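Below: one structure, written as structure tokens.
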Amino acid sequence: MRRTSLSLGLAALVAVIWTLLPIYWILKTAFIAPVDAVAFPAPLWPSNPHFAAVHNIFGFGYTDADGREFLPAGQSKQVINGLKNSVIVAFFVTIITLLIIVPLSYAFARFEFRGKTALLMAILFSVAVPPVSTLIPFYILFVKLGLTGTALGLIIINLTITVPFVTWMLIGYFRNLPAVEPLARVDGFSRLSTLIFIVIPMARSGIAVAAIVSFLFAWNEFVFATQLVNGTPAATLPTAVSGFLFLQPQPGLLSASLWISIIPAALVAFFLQRHIAEMNLVEPVK
Amino acid sequence: MASRAEARIQNEAKLALKRIELSNRQFAMLLALPVILFLVMVMAYPMGYAIWLSMQEVSFFGGFRTSFVGIENYREALYSDNFWWSVRVTVQFVSVSVVLAMLIGLGLALLMHRVRRGRALLGTIIILPWSMSLYGAGVMWQYLARGQSGVASSLINRMLGRTTPDTAVEYSLISSEQIVNLLALGNAWNLAPLVAFFLLANLKTIPERLYDLARVDRLNIWQRFLNVTLPPLQYTLFVFTTITLILSMKLLDFIFVMSAGGPGDASATLTFRLFDLAFRQSNYGLSAAISFYLLFLIIGSALALFFFWGRRLEDT
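Now the structure itself:
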């Protein structure tokens, strides 16, 4: 018995190291003094925690214990602006996605209608289309319409990713809900009020997962943003961070800005690990 | 008197209700309408435009101009070595990614299934790579693998006691030979959590009784895994093999950030190639044509998986 729990503990340790090492390796750099951050061989951990990078990235100067002064990062404006844009884009993408997909996936799970299979095939097909191939026609269209460099354009193109994938997630989820419709009907609910007052509250954890996944997709999106809004006032956080990418003298700043972009993902991780598997990706395919 | 008036009101209410009461089918269509419009707008239009574009030669001198060239772009792709190289890289990247993601995902699922104490904490850690951006993952893996800042240089040199810049040697994990496998490893790191949580949900549905029977039959761990655990997971394994296959074949963000198709074009997958063709070389026609080859490859391999694996599972 003790032997199995020991090997289980070891396996858990391996899993945790495998998962966290790539994250840890760069995130530690935010707390290492700029001189040591570029040291070779690279330090294993911040032995003297140093907070210049996390101040500079937000546009604040920093004076450390030795009296050395560190000026605000030149890119701090872009980072703060990018943060703002990312929140706006991710927020609207989430809301619009939910408005479209909740009724649809409910209809899919509960009703038979003509063209249902065709529609499901179309949705699964949209999941298979590479974003980079949709980007080409959208880019040319947006150039014509003047939508490059705008949050609106980015929101529209992000929907092409979130809508198909999240619809697929929710169809399976709704199918697993108990069929309350006949009961609601006896109680005098119309179909629409059944959906709004009974089904949606019942489905809140599934809808929350759908919302989180859409938010994260939009928050994390890079390729669309780099082509459509990079270098414009509508640049999102990932494109702003790409300004630091190979800025070797200051890996601390890159690391600090990655901290910002990871925080939402870390905040929802607990909720997500608990509810993600309620989204039945397997069943709609059957 | 009063009752008659009441009856009339009730009757009218019923009629009014009937008027707005839709059939199931109509109600469903009403709910589905937004998405149908949406699909037409954001999927059918770009697909149609891409088909048109793939048959054009686009020139940018003096504005956006196109001329019809028929299937010339599709032919040009087939005659180009770059295209076939990218097909090779894509196939290697995707196969290694899928195998690793499924194995690691299965391993993580079995682990989470066994762990009792601290299960929520473990789950929260394990899902992190999936919830983070592929872009961030690209930065992380590059930082980790590179010689100068990398973990290999740091650990090996420290173990050998070489801690000063002039004695230490750079060990880079990035090389033209291994870059595709390294990218696949990073991609598996990102995808495995998704696989793991769905397999875990499936594992929970296996009745404990079967494990008791396995104990009675004195199966060893390996036999138990093959005969008790694995069979009920088959359909989920099939679906997620397909999902990881499609996601890996579509992937660009991670490759774009971590290796940018390099060194040289050692890791230029089809997605990278068509991004490069369209947005760096402004060769939109050829890029659109290649995007359809990629789409055929994706759909084709998903269908092949279904044909050779998924279809057989449905019979059982």
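Chains C and A supply the protein sequences, listed in that same order. Mapping of the first sequence onto the working numbering: residues 1 to 286, in sequence order. Mapping of the second sequence onto the working numbering: residues 1001 to 1316, in sequence order. Where is the CB? At the ideal position from N, CA and C, for every residue including glycine. Here the structure is a predicted model, which is why all the values come from computation and not from measurement.
Within 8 angstroms, strictly: CB atoms of residue i and residue j
i, j, result
"C:V282", "C:L258", "no"
"C:L162", "C:V93", "Looking at the sequence itself, residue 162 of chain C is Thr, so the reference to Leu does not match. Yes, the pair counts as a contact, with Cβ atoms nearer than the cut-off."
"C:L216", "A:S1172", "no"
"A:V1325", "A:A1196", "Any question about residue 1325 of chain A goes unanswered here, given that chain A covers just 1001 to 1316."
"C:L228", "C:I260", "no"
"A:V1115", "C:L8", "yes"
"A:F1198", "A:T1241", "no"
"C:M279", "C:M121", "no"
"A:L1295", "C:V129", "yes"
"A:A1278", "A:S1054", "no"
"C:P22", "C:Q250", "no"
"A:V1180", "A:S1267", "yes"
"A:M1043", "C:T97", "no"
"A:T1269", "A:I1255", "yes"
"C:F108", "A:N1024", "no"
"A:L1111", "C:A12", "yes"
"A:L1182", "A:A1145", "yes"
"A:P1129", "C:T148", "no"
"C:I80", "C:G59", "yes"
"C:G252", "C:I32", "yes"
"C:L254", "A:V1151", "no"
"A:L1031", "C:L83", "no"
"A:A1050", "C:S133", "yes"
"C:I26", "A:Y1143", "yes"
"A:T1271", "A:L1252", "yes"
"A:F1238", "A:G1300", "no"
"C:F138", "A:P1046", "yes"
"A:D1276", "A:G1261", "yes"
"A:A1188", "A:A1304", "no"
"A:Y1074", "C:I136", "no"
Host beta strand (DSSP E) of residue i (start-end)
i, result
"A:T1318", "Outside the shown range of chain A (1001 to 1316) lies residue 1318 of chain A, about which nothing can therefore be said."
Residue i: first and last residue of the uninterrupted alpha helix (DSSP H) it sits in
i, result
"C:Q78", "76-110"
"A:S1131", "1119-1131"
"C:M169", "151-176"
"A:F1083", "1081-1114"
"C:W219", "204-220"
"C:F31", "No alpha helix (DSSP H) contains C:F31, which DSSP labels as neither H nor E."
"C:H55", "52-56"
"A:N1073", "1072-1078"
"C:M121", "116-128"
"C:T300", "Limits of chain C in this structure are 1 at one end and 286 at the other, which puts residue 300 of chain C out of reach."
"C:P131", "131-145"
"C:L183", "181-186"
"C:A266", "251-275"
"C:R68", "Note, C:R68: premise wrong, no alpha helix (DSSP H); not H, not E."
"C:L44", "Where C:L44 is concerned, there is no enclosing alpha helix (DSSP H), given that its DSSP letter is neither H nor E."
"A:W1222", "1221-1224"
"C:H224", "Per the sequence shown, the amino acid found at residue 224 of chain C is Phe instead of His. It spans 223-228 - the alpha helix (DSSP H) in which C:F224 sits, taken as one unbroken run."
Contact belief for residue i with residue j at Cβ below 8 angstroms, rounded distance in angstroms
i, j, result
"C:V223", "C:L154", "The pair is not a contact, with the Cβ atoms about 11 angstroms apart (cut-off 8 angstroms)."
"C:N85", "C:A218", "The Cβ separation is near 11 angstroms, so there is no contact."
"C:P43", "C:N56", "About 19 angstroms separates the two Cβ atoms, so there is no contact after all."
"A:R943", "A:I1298", "For residue 943 of chain A there is no data in the structure shown, the boundaries of chain A being 1001 and 1316."
"C:I198", "C:A184", "5 angstroms"
"C:V166", "C:A210", "5 angstroms"
"C:N220", "A:S1133", "3 angstroms"
"A:I1127", "C:L272", "6 angstroms"
"C:P131", "A:K1250", "7 angstroms"
"A:E1170", "A:G1147", "3 angstroms"
Within 8 angstroms of chain A by C-beta, residues of the segment 80-109 of chain C in sequence order: L99, I100, I101, P103, L104, Y106, A107, F108
To test your reading of the DSSP string, which unbroken alpha helix (DSSP H) runs of 4 or more residues are found completely within the segment 1136-1219 of chain A? 1151-1159, 1179-1203, 1208-1216
Against chain C: residues of the segment 1258-1274 of chain A by CB proximity under 8 angstroms: T1271, L1274
Which residue spans inside the segment 1023-1057 of chain A form an unbroken alpha helix (DSSP H) run of at least 4? 1024-1039, 1045-1054
At a CB distance below 9 angstroms, what residues from the segment 129-155 of chain C approach chain A? Give them in sequence order. V129, P130, P131, V132, S133, T134, L135, I136, P137, F138, Y139, I140, L141, V143, K144
What alpha helix (DSSP H) runs, 4 residues minimum, are completely inside the segment 1233-1300 of chain A? 1253-1258, 1270-1279
Check distances from the C-beta atoms of the segment 1148-1163 of chain A to those of chain C and list, in chain order, the residues that come in under 9 angstroms. Q1148, S1149, G1150, V1151, S1153, S1154, L1155, I1156, N1157, R1158, R1162, T1163
If contact means a Cβ-Cβ distance below 8 angstroms, which residues of the segment 1247-1258 of chain A contact chain C? M1249, K1250, L1252, D1253, F1256, V1257
Under 7 angstroms, CB to CB, which of the residues in the segment 1204-1226 of chain A have a partner in chain B? Chain labels in this structure do not include chain B; the protein chains are C and A.
In the segment 212-224 of chain C, which residues sit with their C-beta less than 7 angstroms from some C-beta in chain A, listed in chain order? L216, N220, F222, V223
Listed from N- to C-terminal order along the chain, which residues in the segment 1093-1117 of chain A have their beta-carbon within a distance smaller than 7 angstroms of any beta-carbon of chain C? L1108, L1111, R1114, V1115
Members of the segment 1118-1133 of chain A near chain C, C-beta cut-off 9 angstroms: G1118, A1120, L1121, L1122, G1123, T1124, I1125, I1126, I1127, L1128, P1129, W1130, S1131, M1132, S1133
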